[in-house]
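What follows is a single structure, written as structure tokens, with notes after it.
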Amino acid sequence: MGAFVPPAAAATAAPVPGRAPAPAPVPEGAGPDTGAGASSVPRLDWAPCLHTPRYHCATARVPLDHRRPWGRTIELALIKRPAVEPHRRVGSLFYHPGLRADGTAALRESYEDFPLAVRKRFDLVSWDMRGTGQSTPVRCFRSTAQALRWAEKLPDGFPVGARERKVWIRSWAELGRRCAERAPALLRHMSAADTARDLDLLRAAVGDRRLNYLGTSYGTFVGATYANLFPHRVRAMTLDSNVNPREWVRRGSWLPTFLRQDFDLASAQGLSRFLDLCGRSTPDDCAFSAGNPQATRTKFERLLHRLRHDPQGYWTYAATVSFVVLQLRDVDPGWTELADKLQELWEDSAPAGPGSGLRARTLPAPSHAPTHTDDDYPGYEWQYAMMCGESPNPRDPRRYRAIERFSRARAGDPGSYWTWRNEPCATWPVRAANPYTGPWDRYTAAPVLTVGITNDPTTPYEGSLAMTRQLANARLLTVKGDGHMALMNPSDCVKRHESRYFIKGVLPPRGTVCRQDHRPFGPLG
């Protein structure tokens, strides 16, 4: 989330070396409502980033525990792209990219996706969330080499069969033990509430009286947390592709986090739509098309059956399903690229086909790693450190096989992916010290704009409906289309409404529905 455990991102922007400056005194009324005294606002010494001088980098020092602002501090790595028209600058807009957490890389990757009007009027700012990337990181391995050796034991994608399930459960339990030994204090303070309190200090540090914020996927939960911790400090907040905040923190359910959010059903719906639109297209537009939707579905099922019994190098059944689930997020060019890869696998897995098993082996293999920092530490633990400490999950690893059966019964192959992506939380050893679990209906100083895509294959549209209902002062902008995150699946209509909202505070009319700029597979899609 971005979707959980995406392919490795580009290396993060390197801040100029040097320790963070000492925090400055808090201006009156600028500190966060911690309930235990105000933390100091960090001083930011911006300088051109190494290798990317159009961006500016800085390091902020913030409390490890915001309830003990006088205690140990940690560092946060920040990045900023200054407003194109500084003489018309409105302020800073903070961007949270979701569970991938590496905001310094995500901002550079996504900068051109922001509306031009917003880029002109705002400094765009992001940061590596606490415990990740170039911020003070959780590092559960002594070295990158040790982390990679650990990852080599994991089944690709998710476990299939009793032997692989045993390896999966033991490996993630081992990671949890390593984390508890090496970084117990930081792990207790990586919740959305901790990040929201960091965000409020960063807001004050850039000189903004109120916050401008765009959060995607898990970043919507962080935004909702901020809106309820600091409701009077919201100037403009867009939450794009929302999770259901109550379900994220709900206790007592036998379902893990992602299934409570219906991510498995969303991916099943997204896959069904991909195959339907591909089947309605010609092979020139969708390489995997079999001429009609039903024939294309049958072809896909036969491909997975082949890969179960005759993997094509890296491309096992589980690795392919995982790749499909992740690739569905990005419609253009993601769906076309997905169709091309499925067709290559189809041709190479054909019985006694020429060159069988050779060409598919050259296809790039998705990585387990969510991010890579400049020193290439893979950070397998970072997403789980953020999620497992605050979001309840079944604690007995033996239950996940039954949970997988339940999810497969309702969602098919994606059910296995989402079930096992939650299983590491079963043995995660550390609980968040100060999570925020509601209420979610504190009235904000300005209304929140929620954005939901009707056929989102990760965070279902119903999550955006739920977020809008649960927040006290929110308006939903519906996007009729596909893919995960409107920011990454462009719509000029969405950009117009978001620009007016961020710059002038004007919401779209109730019931507004936008369409995306690109249809999958051309006009026949």
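If you're matching positions, the sequence shown starts at 408 in the working numbering and goes up one per residue.
Glycine included, each C-beta is placed from N, C-alpha and C at the ideal position.
- Query: Taking the runs of the beta strand (DSSP E) that are 3 residues or longer, which of them lie wholly in the region 637-725?
  - Reply: If we require 3 residues or more, the beta strand (DSSP E) runs fully inside the region 637-725 come out as 641-647.
- Euclidean distance between Cα positions of residue 922 and residue 896: Working through the sequence shown from its first residue, we reach residue 922 at position 515. Working through the sequence shown from its first residue, we reach residue 896 at position 489. So the two alpha carbons sit approximately 10 Å from each other.
- Query: Taking residue 892 as the reference, which of 496, 861 and 536 has the closest Cα?
  - Reply: Translated into positions along the sequence shown, residue 892 becomes position 485. Looking at the Cα atoms, 861 is the closest of the given residues.
- Indicate whether the contact test is met: 3 or more Cβ pairs, each with one atom in the region 592-609 and one in the region 631-644, closer than 8 Å. Judged by Cβ distances under 8 Å, the region 592-609 makes contact with the region 631-644, as three or more pairs qualify.
- Message: On the CB-based measure, 16 or more other CB atoms within 10 Å of its CB, does residue 463 come out buried or exposed?
- Response: Here residue 463 is taken as the residue at index 56 of the sequence shown, counted from 1. Around the beta carbon of residue 463, 16 or more other beta carbons lie within 10 angstroms, which makes this residue buried.
- Using three-state DSSP, classify residue 524 as helix, strand or coil. The residue you call residue 524 lines up with position 117 of the sequence shown. Three-state result, residue 524: helix.
- What do you get for residue 698, buried or exposed, if any count of 16 or more other CB atoms within 10 angstroms of its CB means buried? Numbered from its first residue, the sequence shown carries residue 698 at position 291. Counting other Cβ atoms within 10 Å of its Cβ, residue 698 stays below 16 and is therefore classed as exposed.
- May I ask which residues mark the beginning and end of the alpha helix (DSSP H) holding residue 518? If you number the sequence shown from 1, residue 518 lands on position 111. DSSP places residue 518 outside any alpha helix (DSSP H), giving it a letter other than H or E.
- Query: For residue 534, which beta-bridge partners are listed by DSSP?
  - Reply: Within the sequence shown, the letter at position 127 stands for residue 534. Under DSSP, residue 534 forms a beta bridge with 485.
- Report the rounded CA-to-CA distance for residue 826 versus residue 648, giving the unit in angstroms. Along the sequence shown, read from residue 1 onward, the residue named residue 826 stands at position 419. Along the sequence shown, read from residue 1 onward, the residue named residue 648 stands at position 241. Cα-Cα distance, rounded: 20 Å.
- Report yes if the CB atom of residue 683 is closer than 7 Å to the CB atom of residue 821, and no otherwise. The sequence position of residue 683 within the sequence shown is 276, counting from 1. The sequence position of residue 821 within the sequence shown is 414, counting from 1. Not closer than 7 Å, so no.
- Task: With DSSP as the reference, label residue 499 as helix, strand or coil.
- Result: Within the sequence shown, residue 499 is the residue found at index 92, counting from 1. DSSP places residue 499 in the strand class (E or B) of the three-state scheme.
- Message: Please classify residue 708 as buried or exposed, where buried requires at least 16 other C-beta atoms within 10 Å of its C-beta.
- Response: One-based indexing of the sequence shown puts residue 708 at position 301. Counting every other CB atom within 10 Å of its CB across the protein chains shown gives residue 708 a total below 16, marking it as exposed.
- Per-residue DSSP class, three states only, for residue 463: For this step, residue 463 is matched to residue 56 along the sequence shown. Three-state result, residue 463: strand.
- Note down, in chain order, each residue of its chain lying with its Cβ closer than 7 Å to the Cβ of residue 589, except the 5 sequence neighbours on either side. For this step, residue 589 is matched to residue 182 along the sequence shown. Excluding positions up to five away in sequence, the list reads 546 and 547.
- Item | Residue interval of the beta strand (DSSP E) (run including residue 841) | Here residue 841 corresponds to residue number 434 of the sequence shown, with the count starting at 1. Per DSSP, residue 841 belongs to no beta strand (DSSP E) and is neither H nor E.
- Would you grab the beta carbon distance between residue 530 and residue 562 for me? Rounded to a whole angstrom, and I think it's under 8 Å. To locate residue 530, count along the sequence shown from 1; it is residue 123. To locate residue 562, count along the sequence shown from 1; it is residue 155. Residue 530 to residue 562, Cβ: 44 Å. No contact.
- Query: Quick one: is residue 800 buried, meaning 16 or more other Cβ sit within 10 Å of its Cβ, or exposed?
  - Reply: Here the question's residue 800 lines up with position 393 in the sequence shown. With 16 or more other CB atoms across the displayed protein chains lying within 10 angstroms of its CB, residue 800 is buried.
- Query: Mapping DSSP to helix, strand and coil, what is residue 775?
  - Reply: Position 368 of the sequence shown, counted from the start, is the residue given in the question as residue 775. Any reading at residue 775 must be qualified, since the residue scores a pLDDT of 45, below 50, and its modelled position is unreliable; the value itself is stated next. Assignment of residue 775 by DSSP, reduced to helix, strand and coil, places it in the coil class.
- Task: Could you give the DSSP three-state label for residue 561: helix, strand or coil?
- Result: Within the sequence shown, the letter at position 154 stands for residue 561. Three-state DSSP puts residue 561 in coil, outside helix and strand.
- Query: Does DSSP classify residue 741 as helix, strand or coil?
  - Reply: One-based indexing of the sequence shown puts residue 741 at position 334. Residue 741 sits in a helix when the DSSP states are folded into three classes.
- Task: Within its chain, find whatever has a CB closer than 6 Å to the CB of residue 655; leave out the 5 residues flanking it on each side and keep chain order.
- Result: Here residue 655 corresponds to residue number 248 of the sequence shown, with the count starting at 1. Excluding five sequence positions before and after residue 655, the CB atoms of its chain that fall closer than 6 Å to its own CB belong to 628 and 798, given in chain order.
- Message: Once DSSP output is grouped into helix, strand and coil, what is the label at residue 371?
- Response: The chain is shown only over 408 to 932; residue 371 falls outside these bounds and no answer can be derived.
- Item | Whole-Å CB distance - residue 583 paired with residue 835, under 8 Å assumed | In the sequence shown, counting from the first residue as 1, residue 583 sits at position 176. In the sequence shown, counting from the first residue as 1, residue 835 sits at position 428. Between residue 835 and residue 583 the Cβ distance is about 5 Å, and since that is below 8 Å, they are a contact.
- Residue environment, residue 920, which counts as buried when at least 16 other CB atoms sit within 10 Å: In the sequence shown, the residue the question calls residue 920 occupies position 513. Classification of residue 920: exposed, given that the 10 Å Cβ count is below 16.
- Message: Can you tell me where the beta strand (DSSP E) holding residue 832 begins and where it ends?
- Response: Numbered from its first residue, the sequence shown carries residue 832 at position 425. Run containing residue 832: none; DSSP gives neither H nor E here.
- Message: Using 8 Å as the cut-off, can you tell me whether the region 896-906 makes contact with the region 658-665, which would need three or more C-beta pairs spanning the two stretches below that distance?
- Response: Because the criterion of three Cβ pairs below 8 Å is not met, the region 896-906 and the region 658-665 do not touch.
- Query: Does the Cβ of residue 912 have 16 or more other Cβ atoms within 10 Å, making it buried, or fewer, making it exposed?
  - Reply: Within the sequence shown, the letter at position 505 stands for residue 912. The residue in question, residue 912, is exposed, as its Cβ has fewer than 16 Cβ neighbours within 10 Å.
- Counting Cβ pairs closer than 8 Å, one from the region 496-513 and one from the region 564-575, do we hit at least three? Contact fails: fewer than three Cβ-Cβ distances are below 8 Å.
- Task: Would you check if there are 3 or more beta carbon pairs closer than 8 Å linking the region 462-482 to the region 868-877?
- Result: In short, these stretches do not touch, since the Cβ pair count stays below three.
- CA-to-CA distance, residue 641 to residue 436, given in whole angstroms: Within the sequence shown, residue 436 is the residue found at index 29, counting from 1. Within the sequence shown, residue 641 is the residue found at index 234, counting from 1. With a pLDDT of only 33 at residue 436, under the threshold of 50, the placement of this residue in the model should not be trusted, and no figure is reported.
- Note down, in chain order, each residue of its chain lying with its Cβ closer than 7 Å to the Cβ of residue 470, except the 5 sequence neighbours on either side. As a first step, residue 470 must be located in the sequence shown, where it is residue number 63. Hits under 7 Å: 446, 476, 478 and 480.
- Item | the region 875-885 touching the region 848-858, judged by at least three CB pairs closer than 8 Å | At 8 Å Cβ cutoff, the stretches touch.
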